[in-house]
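Numbering (our numbering), first residue to last: 113 to 1106. All C-beta atoms in this analysis are idealised placements derived from N, C-alpha and C, irrespective of residue type, glycine included. Have a look at the structure below before the remarks.
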């Protein structure tokens, strides 16, 4: 009887779905692996519980009522999203669809080179780092006590770079080689305080690097000239040497030549001149070639892609950047250093954080606020796995195969233009087009330089069969190769060979078996808190689910093994995906066109402002250079504005956190003849939907300016409002926030921009790939590229494409609603215990809110940092600390967190408030308490003596649930000041002493 009732009940449930899916049959065949219920953390019962807690009924209209109290009615959209499918794919449907798209990419053997080569990704690294959520879901290591694993790994990376380049200090990676080169230009320009306005780039630098350097220099007072640097060495340069701030060369050059730059260096340094020598060097080649430090390089940069990171149609890859002794405080990007913790033990941390753009704002010399941490870690493990001898063997094999091919083709009458080479040959042929076509017929890609010249670059993936196939393009047989192998001479001049030892540190010489490397990686990952461990409630950073289904395709060869410069007929799958993603993002944002080229949020800001400037110049308004920016803006906003050639004028905010429209109107009127742009974040950085945003946009437009909207908080807009509909002209998106690309422990990210139609003609072009063949837009008015690859970090774009397609229009709206609900529920629970800084006139926040910790400093001596560190004892990452307001905590829960996890976090903060009260009541000392001494790693708790006014149990297990599940910080509180005063940024520093 019971079985019959259950069966009847099931049939009734299926029948009830007719209105949604059509017939009962279609309902019965609907896949059950739907994604929305996996992405949104709370089920309907929990959603109703949160709505009731906020005093809303559980009727169907309750969510609408709640949203109308959060979002001002004048910005709420009535337009449903057009994203298809409306209900979203199931996970299996998505994988099938993406497989169809991937199959349209043709994976040929690419010898194109130009900074992108094939590499063997060790499976142990692919599975246990690239595909491991414990590595890819962690955040930037601002809380070092729960980030020691990736900090150690990044220090290993820095050590690899310093050892191979011979330089004193390297940073923890930049975005790509092109942007790293542009950072070198800025650094060289600033070294002379702007008094030298010429920067020379050798014509034999990679073409995309030259273009990015030229692009970045447009807005600076730097005259970038592409020259033959040998003229400079021989005294034939047209540029006065005392006006040159720096020179950029490629080592080996883009045509493959090995050049000794000693004479150039002597010229630059001669007679006290001091111009900076910047070298873009190949890391693998440096295992055989003498390091750039030997000939006096000041800055060495490049890409670590060939150290175990797939080409990925252009990225993401970790660029490296290293400088000579004494230059580290001027170096852009993040730097990992050694310090000590409260117990006196060694501990890693981000060093010199005062350089961060969130702090320096318009005084920053770079807008870099991120890195490529995940990819840098992959490259570090690649170097560790192979060790110095393994890397050298790979390099020697690549060089030998190149030498064999060079000898064989020359025997057939093909001239090799570069006699000294590492892995790249430049060949004179009778008809380059015929050679390229013949190669493509064999599924081979070469690089055409001109009608009679081609180049090719070999790499570690080249097999016996590959070389035979490649050689046949030039009429060389396998027998010819065998003969050539017996007659090979060295392609590297003896005086250019490396003679010193490198990478002698223990870490590079003991993890060469898979077992040992696996255990080392596991050891490091156990020290880092990630989304696999707990909620990471960082305001403005949107640490939401990075779903496995979305992540899986990035390692498919159809996406990972494509060179970014392959003919577009080999990348039709990418083209289809990019167009669909652009269309969906344009619909979501309310804009007309998108550019997917910027490969970070800060790059998106810069690109948007450059597009605005290009548009104004086309209108005869190039003199407009004032950018109005609220004091509440992201710190990279003013840095990006200055980099794009604008002057920043700050706009006040009122005491309630809202933009001061009176001040905005006054300054817009004052600067109306020169007003170029207004940068605004929406919802505001203070976590509220400002009701006056449309009025602000109108004010700027009436005074001749363009409106740039920072899309960092897009998570609160989708389906409810959009930048385009509000009237903004351009907006960047953080795909690593709102659209689920993982943060990767500090990178990668993507920052595409959306624009209105009048700005579309100015979206960035590329010197190698004709963008119009993908976008359909003419590049006649385009700005030069802002990234080295045409579509930025293309291989991670399938993640965002998949997220949107899995959610569908319905799911995207639902996610926004739940993000707002989660934040307001937490605010409601916490406001009896902590002051909340900013809310709207309905006492609601947006998707994040700010807890004001400032009163506790007077009452108990406790500050925001103490609460953030104490949260680690509760197995949580602290919220965003002291930004945008000093001594506050900004909390963003995201829609992916369950009600249980929201409550667990609230319970932790409420418990901490009681600990603060004990200090306020005089029961516990102000300087020696559980908060000031937090976090408490195991070695602290296991100390033989315990002389503190609280128990070990109170320190370790402040709530009972931690006995069942606890994440342990691996070090005690890190001493930041000591680390900056005693800067050690490579493996095995000197002993830490007072």
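- Using a 10 angstroms sphere on the CB of residue 860, the tally of other CB atoms reaches 16 or more, which defines it as buried.
- Approximately 7 Å separates the beta-carbon atoms of residue 1068 and residue 985; this is inside 8 Å, confirming the contact.
- In this structure, DSSP gives residue 835 a helical state, which the three-state scheme calls helix.
- Secondary structure within the region 792 to 853: the beta strand (DSSP E) runs of 3 or more consecutive residues, fully enclosed, are 818 to 823 and 842 to 845 (chain order).
- Per DSSP, reduced to three states, the secondary structure at residue 255 is coil, with no helix or strand assignment.
- When the five nearest sequence neighbours on each side are left out, the beta carbons in the same chain lying within less than 7 Å of the beta carbon of residue 874 are those of 723, 726, 727, 893, 894 and 895, in order along the chain.
- Following the DSSP letters along the chain, one finds residue 713 in no beta strand (DSSP E) but inside the alpha helix (DSSP H) bounded by residues 713 to 730.
- For residue 335, no alpha helix (DSSP H) run applies; the uninterrupted beta strand (DSSP E) run containing it begins and ends at 335 to 339, by DSSP.
- Taking residue 681 as the centre and dropping the five residues before and after it, the same chain places the C-beta of 218 closer than 8 Å to its C-beta, in chain order.
- A direct Cα-Cα distance of roughly 17 Å separates residue 342 from residue 322.
- Here residue 647 carries a coil assignment [DSSP, helix/strand/coil].
- Take residue 194, set aside five residues on each side of it, and the residues of its chain with a beta-carbon closer than 8 Å to its own are 699 and 921, in chain order.
- Pairing residue 419 with residue 395 gives a Cβ-Cβ distance under 8 Å.
- Setting aside the 5 residues that flank it on each side, residue 931 is surrounded in the same chain by 827, 828, 959, 1006 and 1007, each with a C-beta closer than 7 Å to its C-beta; the list follows chain order.
- Only buried fits residue 536, as 16 or more other CB atoms lie within 10 angstroms of its CB.
- The DSSP-derived three-state label of residue 357 is strand.
- Beta-bridge partners of residue 759 (DSSP): 738.
- CA-CA distance, residue 889 to residue 707, rounds to 11 Å.
- Looking from the CA of residue 924, the closest CA among 340, 567 and 701 belongs to 701.
- Between residue 577 and residue 524 the beta-carbon gap is near 20 Å, outside 8 Å, which marks them as no contact.
- In this structure, the alpha-carbon of residue 744 lies about 8 Å from that of residue 796.
- Annotation for residue 1000: the continuous beta strand (DSSP E) segment containing it runs 1000 to 1003.
- In terms of CA proximity to residue 1011, 941 leads the group 685, 800, 941 and 373.
- Collapsing the DSSP output to three states places residue 496 in a helix.
- Put simply, of 811, 1059 and 367 the residue whose alpha carbon is nearest the alpha carbon of residue 561 is 367.
- In this structure, the alpha-carbon of residue 1091 lies about 10 Å from that of residue 458.
- The residue from 987, 719, 385 and 983 with its alpha-carbon nearest to that of residue 872 is 719.
- Going by beta carbons, residue 431 and residue 268 fall outside the 8 Å limit.
- Within the same chain, 647 come within 6 Å of residue 1013 by CB-CB distance, once the 5 residues on both sides are set aside.
- Apart from the 5 residues on each side of it in sequence, residue 735 sits with its Cβ closer than 7 Å to the Cβ of 786 in its chain, given in chain order.
- Given a length threshold of 4 residues, each whole run of the alpha helix (DSSP H) inside the region 622 to 686 is given here in chain order: 626 to 637, 660 to 663 and 669 to 672.
- Where residue 205 is concerned, there is no enclosing beta strand (DSSP E), although the alpha helix (DSSP H) around it starts and stops at 203 to 214.
- Under the DSSP assignment, residue 915 falls in the alpha helix (DSSP H) whose first and last residues are 909 to 942.
- Counting C-beta pairs closer than 8 Å gives fewer than three between the region 938 to 955 and the region 839 to 855, which falls short of the contact rule.
- The C-beta separation of residue 812 from residue 783 comes to about 10 Å, leaving the pair out of contact by the 8 Å criterion.
- By DSSP's assignment, residue 225 forms a beta bridge with 228.
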